[in-house]
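S.K.: Following the numbering used here, the numbering of the sequence shown begins with 15 at its first residue and continues without gaps. Glycine included, every Cβ here is placed at the ideal spot set by N, Cα and C. Take this structure first; my questions come after.
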Amino acid sequence: MGTRGGRNTRVYIRLRDGCQRRGECFWHIGYNVTDTMRKEVVDVKLYVNHPKVLFVGQIAVLGGCSSWLLIATFARLPVSATHSIAGATVGFGLVAMGGKGIHWMKIVGIIASWFVSPILSGLVSSILYIIVDFSVLRRSNPFLSGLIALPIFYWFCIAFNVFAVSYQGSKLLHLSNIPLWVSITISCVIATICAVAIHFIVVPYLKKSAEGKSLCQLMN
15 MGTRGGRNTR VYIRLRDGCQ RRGECFWHIG YNVTDTMRKE VVDVKLYVNH
65 PKVLFVGQIA VLGGCSSWLL IATFARLPVS ATHSIAGATV GFGLVAMGGK
115 GIHWMKIVGI IASWFVSPIL SGLVSSILYI IVDFSVLRRS NPFLSGLIAL
165 PIFYWFCIAF NVFAVSYQGS KLLHLSNIPL WVSITISCVI ATICAVAIHF
215 IVVPYLKKSA EGKSLCQLMN
């Protein structure tokens with residue numbers, strides 16, 4: 015979206031706002047992250063008789079996290095909000111209840127994910143690039159090969175995203191009750207419909223738009 019929407023700030027903001035709001039309704043990962051920060055980092059059972067301590071502590075967590083993010087933004091440091099709030103929550107737990115107030119295995123899992131996620135992302139990106147490079151870029155006619163591959167790529171992309179939203183999804187929308195086979199079926203059906211639409215609508219449009227243009231013009 016940066017290469018297209020970024021050319022016009024207002025369009026970019028509208029696209030971002032619309033997509034993010036809809037994503038917040040359907041995407042369950044944000045809910046799971048919030049739920050983890052809420053009760054799985056610190057042992058909330060220890061605060062049953064001290065609710066005010068937990069309340070003030072959570073305010074301190076938000077204040078500390080926000081302050082650090084502002085400092086990092088001004089200093090142009092690559093800092094994640096999730097990392098910051100995890101660290102702030104651990105700090106509050108240590109001050110309030112000491113080491114017994116922290117779920118240390120959960121912390122180990124969170125920290126491990128910070129290292130595993132970039133490695134897996136890089137591996138998947140490399141595999142995808144190799145596939146695109148072999149199936150499209152190295153062909154005698156990359157543009158035509160790209161048009162042929164376009165519905166296939168759309169199918170996998172949409173199927174993955176629909177599955178990620180529908181399987182163990184938002185509890186607010188009762189998507190968490192959908193069985194695995196139903197999520198797979200829904201993902202495949204929606205992806206197939208979109209891929210067929212891409213093949214019969216978008217691909218002919220792109221072919222027509224490319225008529226009379228050289229390969230260099232198409233690549234630019």
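Is it buried or exposed for V62, if we count other Cβ within 10 angstroms and need 16 for buried?
M.R.: Residue 62 sits at position 48 when you count from the first residue of the sequence shown. Around the beta carbon of V62, fewer than 16 other beta carbons sit within 10 angstroms, so the residue counts as exposed.
S.K.: List the residues that DSSP assigns as beta-bridge partners of I116.
M.R.: Locating residue 116 in the sequence shown gives position 102, where the first residue counts as 1. Answer is V56, bridged to I116.
S.K.: With the cut-off set at 8 Å, would you say G107 and V56 are in Cβ contact?
M.R.: Position 93 of the sequence shown holds residue 107. Position 42 of the sequence shown holds residue 56. The answer is yes: Cβ separation under 8 Å.
S.K.: Going by beta carbon distance, what residues of the same chain come within less than 8 Å of H117, once the five residues before and after it are set aside?
M.R.: Here residue 117 refers to the residue found at position 103 when the sequence shown is read from its first residue. Closer than 8 Å at Cβ, skipping near neighbours: E54, V55, V56, D57.
S.K.: Only counting runs of 4 or more residues, tell me where the alpha helix (DSSP H) segments fall wholly within the stretch 150–200, in order along the chain.
M.R.: 156–180
S.K.: For M119, count neighbouring Cβ atoms within 10 angstroms of its own Cβ and tell me buried if that reaches 16, exposed if not.
M.R.: Counting from 1 along the sequence shown, the entry for residue 119 is found at position 105. M119 should be labelled exposed.
S.K.: Kindly give me the distance between the Cβ atoms of I204 and I172, rounded to whole angstroms, as I take these residues to be in contact under 8 Å.
M.R.: Position 190 of the sequence shown, counted from the first residue, corresponds to residue 204. Position 158 of the sequence shown, counted from the first residue, corresponds to residue 172. About 6 Å separates the two Cβ atoms, so the contact holds.
S.K.: For the alpha helix (DSSP H) that contains Y219, what are its first and last residues?
M.R.: The count along the sequence shown starts at 1 and reaches residue 219 at position 205. Segment 217–223, the alpha helix (DSSP H) holding Y219.
S.K.: Does the count of Cβ pairs from the stretch 192–207 and the stretch 161–180 closer than 8 Å reach three?
M.R.: yes
S.K.: Take H213 and list the residues in its own chain whose beta-carbon comes closer than 7 Å to its own, dropping the five residues that flank it on each side.
M.R.: Along the sequence shown, read from residue 1 onward, the residue named residue 213 stands at position 199. Around H213: P165.
S.K.: Kindly indicate which residue of T50, V210, G78 has the alpha-carbon position closest to the one of I162.
M.R.: Within the sequence shown, residue 162 is the residue found at index 148, counting from 1. The candidate whose alpha carbon is nearest that of I162 is V210.
S.K.: Can you give me the C-alpha to C-alpha distance between D147 and L137, rounded to a whole angstrom?
M.R.: The sequence position of residue 147 within the sequence shown is 133, counting from 1. The sequence position of residue 137 within the sequence shown is 123, counting from 1. In a straight line, the C-alpha of D147 is about 15 Å away from that of L137.
S.K.: Can you tell me where the alpha helix (DSSP H) holding P65 begins and where it ends?
M.R.: As a working mapping, residue 65 is identified with position 51 in the sequence shown. It spans 65–88 - the alpha helix (DSSP H) in which P65 sits, taken as one unbroken run.
S.K.: Beta-carbon separation of M51 and A100 under 8 Å?
M.R.: On the sequence shown, residue 51 is found 37 positions in, with the first residue counted as 1. On the sequence shown, residue 100 is found 86 positions in, with the first residue counted as 1. Yes, the pair counts as a contact, with Cβ atoms nearer than the cut-off.
S.K.: On the three-state DSSP scale, how would you describe P92?
M.R.: Taking the first residue of the sequence shown as position 1, residue 92 is located at position 78. In the structure shown, P92 sits in coil (DSSP, three-state: anything other than H, G, I, E or B).
S.K.: I believe V93 touches L83 by the beta-carbon criterion, under 8 Å. Please report the beta-carbon distance rounded to the nearest angstrom.
M.R.: Translated into the one-based positions of the sequence shown, residue 93 becomes position 79. Translated into the one-based positions of the sequence shown, residue 83 becomes position 69. Separation of the CB atoms of V93 and L83 is rounded to 6 Å, and the pair is thereby assigned contact status at 8 Å.
S.K.: Smallest Cα separation from P156: which of A86, K221, A110?
M.R.: As a first step, residue 156 is located in the sequence shown; it is residue number 142 there, counting from the start. Residue K221 is the option with its Cα nearest to P156.
S.K.: In its own chain, which residues sit with a C-beta less than 8 Å from the C-beta of I121, not counting the 5 before and 5 after it?
M.R.: Translated into the one-based positions of the sequence shown, residue 121 becomes position 107. Excluding residues within five positions, the ones whose Cβ falls inside 8 Å are V55, A100, V104.
S.K.: Express the C-alpha separation of G112 and F174 in angstroms, rounding to a whole number.
M.R.: The sequence position of residue 174 within the sequence shown is 160, counting from 1. The sequence position of residue 112 within the sequence shown is 98, counting from 1. Approximately 42 Å between the Cα atoms of the pair.
S.K.: What would DSSP say about V203, mapped onto helix, strand or coil?
M.R.: The count along the sequence shown starts at 1 and reaches residue 203 at position 189. Helix, per DSSP.
S.K.: Buried or exposed for P218, going by 16 or more other Cβ atoms inside 10 Å?
M.R.: Taking the first residue of the sequence shown as 1, we reach residue 218 at position 204. Exposed, by the Cβ-count rule.
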